[in-house]
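Numbering (my numbering), first residue to last: 258 to 456.
Taking it in order: structure first as structure tokens, then the write-up.
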């Protein structure tokens, strides 16, 4: 199995997430993309995150029309902060020997990868696909300097459709009464309205 991993708070999930995931699936010929909403990401502990049930439901709704997209609540079932390494090790055990995981992140996150929990060990076990972001480029020389030459076989910069959509902007739009149509799937917009989220 070659499995793409799309992690994030998905607060809310939007069309940028979906377009990126589908593009990466095709480019790397992945068997599936697993969306994993994060429970308690260490870098966002200071921000009030929407309750897990809503973020999980929005992710299910957004991905249900694509047969290659799956959703896992696994991080919600674990106590403590959500470290990527713990999640990836659990998935490697689940998918078994010979499976490969391809963790999809933006170029902006790739620039900070060396700060992640046990980053070198993580890169040795999982492929990282760094998707382009506006005005952000991955400094491969800096990445190689920190992770070493051998790790570069696990790091893949790639160009995907560039949709400048952010969850932060969507939340702010809702708060100020502006439209989010065509930024999120219609079923997600309907769910947000029904549950009165981000007011």
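Note that the Cβ used here is the ideal one computed from N, Cα and C, for glycine as well.
query: Within the chosen definition, does the stretch 356–374 reach the stretch 311–325 through at least 3 CB pairs nearer than 8 Å?; result: no
query: Please look up how many angstroms separate the CB atoms of residue 261 and residue 281, rounded, as I've assumed it's under 8 Å.; result: 6 Å
query: From residue 278 to residue 263, what does the alpha carbon distance come to, in whole angstroms?; result: 7 Å
query: Between residue 442 and the rest of its own chain, which residues show a CB-CB distance below 6 Å, the 5 nearest in sequence each way excluded?; result: 319
query: Per DSSP, residue 305 forms a beta bridge with which residues?; result: According to DSSP, which records beta bridges pairwise, residue 305 is partnered with nothing at all.
query: With distance defined between alpha-carbon atoms, name the residue in 272, 371 and 312 nearest to residue 328.; result: 312
query: From the DSSP secondary-structure annotation, give me the bridge partner or partners of residue 292.; result: 263 and 328
query: Taking only three categories from DSSP, how would you classify residue 450?; result: helix
query: Give the secondary structure of residue 385 by DSSP, where H, G and I count as helix, E and B as strand, and everything else as coil.; result: strand
query: For residue 409, verify whether its CB is less than 6 Å away from any heavy atom of the ligand HEM.; result: This structure lacks the ligand HEM, and indeed carries no ligand of any kind.
query: Could you give the C-beta distance for residue 370 and residue 385, rounded to a whole number, given that I count them as a contact under 8 Å?; result: 7 Å
query: Taking the Cβ atom as the reference point for each residue, do residue 412 and residue 271 lie within a distance shorter than 7 Å?; result: no
query: Grouping DSSP H, G and I as helix and E and B as strand, with all else coil, what is residue 403?; result: helix
query: Nearest to residue 406 by alpha carbon, out of 427, 305, 380 and 267?; result: 380
query: Quick check on residue 358: does DSSP put it in helix, strand or coil?; result: strand
query: Using a Cβ-Cβ cutoff of less than 6 Å, which residues in the same chain neighbour residue 444 once the five nearest sequence positions on both sides are dropped?; result: 318
query: When the Cα atoms are used, what is the spatial distance from residue 449 to residue 268?; result: 11 Å
query: Going by DSSP, which residues form a beta bridge with residue 438?; result: 441
query: Given a cut-off of 7 Å, decide if residue 258 and residue 352 are closer than it, judged by their beta-carbon atoms.; result: yes
query: For residue 438, collect the residues of the same chain with a Cβ closer than 8 Å to its Cβ; drop the 5 residues on either side in sequence, then sort them by chain order.; result: 446
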